[in-house]
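One structure is given below, encoded as structure tokens.
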Amino acid sequence: MKKLKTHLQTIKRTQWTHPHLIEQEKKKEEEAAKSKEDGGGDVKDKDGNKASIEFVPGVIVRVHLEEPLVDVKVFKSELRHKPNVKYIDAQEGAQDAFVRCINPEEAKNLAESKVFPQCDILKGEEEVLYWEKIDYDRKVKFSMKTKTCRGRNKLLKKAEKALGKHIRFDSMEV
1 MKKLKTHLQT IKRTQWTHPH LIEQEKKKEE EAAKSKEDGG GDVKDKDGNK ASIEFVPGVI
61 VRVHLEEPLV DVKVFKSELR HKPNVKYIDA QEGAQDAFVR CINPEEAKNL AESKVFPQCD
121 ILKGEEEVLY WEKIDYDRKV KFSMKTKTCR GRNKLLKKAE KALGKHIRFD SMEV
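Heads up: the sequence shown begins at 1 in UniProt numbering, then just goes up one per residue.
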């Protein structure tokens with residue numbers, strides 16, 4: 001175990017010496033800064049955590065399907081190709097799916113398009129109830145505590161992760 005620990009630490013130290021990894025880290029930081037400037041529709045609380053999604057009226061489209069959903073992944077992958085779709089809420093076996101668009105105009109375009117035979121934009125009390133459902137689901141998701149991995153299992157997982165990484169060789173200068 002001691003040899004495994006030292007080996008993993010050497011991998012961690014040499015990992016950051018590669019220039020392409022440093023560039024990737026800078027790109028991630030820039031994207032994070034841009035998303036903070038844009039807001040992204042998420043509202044942050046005073047601690048900096050994601051509190052809830054900002055309520056925007058007229059952006060949720062309900063799609064009523066003739067048959068219950070069998071494969072949710074296929075349904076979501078079809079809708080993700082559309083540039084105006086921000087989030088898709090669909091459960092297996094349900095006949096209704098909810099699609100959140102970027103803005104009300106895009107939601108109206110999706111509802112009027114012939115992609116789905118029956119779809120409408122949520123309004124009034126239905127919309128308020130759905131936004132409350134979204135907020136509740138987010139709170140439940142973020143309140144779940146993740147189990148921390150400790151001891152031997154943690155080391156073994158790190159070793160498996162290190163073995164699965166692609167090895168890059170530096171170009172040798174002669």
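The beta carbon of each residue, even a glycine, is placed where N, CA and C say it ideally should be.
Query                                                                                                        : Result
Ser74 (DSSP reduced to helix, strand or coil)                                                                : In the sequence on display, residue 74 carries Val and not Ser. In the structure shown, Val74 sits in a helix (DSSP, three-state: H, G or I).
Between the CA atoms of Lys34 and Lys27 - distance to the nearest angstrom                                   : 11 Å
Separation of Phe75 from Phe116, as counted between CA atoms                                                 : 12 Å
Residue range of the beta strand (DSSP E) that includes Ala97                                                : 96-101
Per-residue burial, Arg152 [other beta carbons within 10 Å of its own, 16 or more giving buried]             : exposed
Residue burial classification, Ala32 (beta-carbon count within 10 angstroms, cutoff 16)                      : exposed
The segment 51-60 touching the segment 120-139, judged by at least three CB pairs closer than 8 Å            : yes
Inter-residue spacing [alpha-carbon to alpha-carbon] between Leu129 and Ala107                               : 18 Å
Cα-Cα separation, Leu155 to Val63                                                                            : 47 Å
Leu163, buried or exposed, once every other Cβ within 10 Å from all chains shown has been counted against 16 : exposed
Spatially closest choice to Cys119 from Phe142, Gln95, Asn103, by CA coordinates                             : Gln95
Arg80, buried or exposed, once every other Cβ within 10 Å from all chains shown has been counted against 16  : exposed
Whole-angstrom distance between His7 and Arg150, CA atom to CA atom                                          : 18 Å
Where the beta strand (DSSP E) containing Val115 begins and where it ends                                    : From DSSP, Val115 is part of no beta strand (DSSP E); its letter is neither H nor E.
Exposure label - Val70; buried when at least 16 CB within 10 Å                                               : exposed
Three-state secondary structure assigned by DSSP to His81                                                    : coil
For Gly124, the nearest candidate out of Leu110, Gln91, Val59 (CA to CA)                                     : Val59
Local Cβ density within 10 Å of Val140, reported as buried at 16 or more and exposed below that              : exposed
Cα-Cα separation, Val72 to Cys101                                                                            : 18 Å
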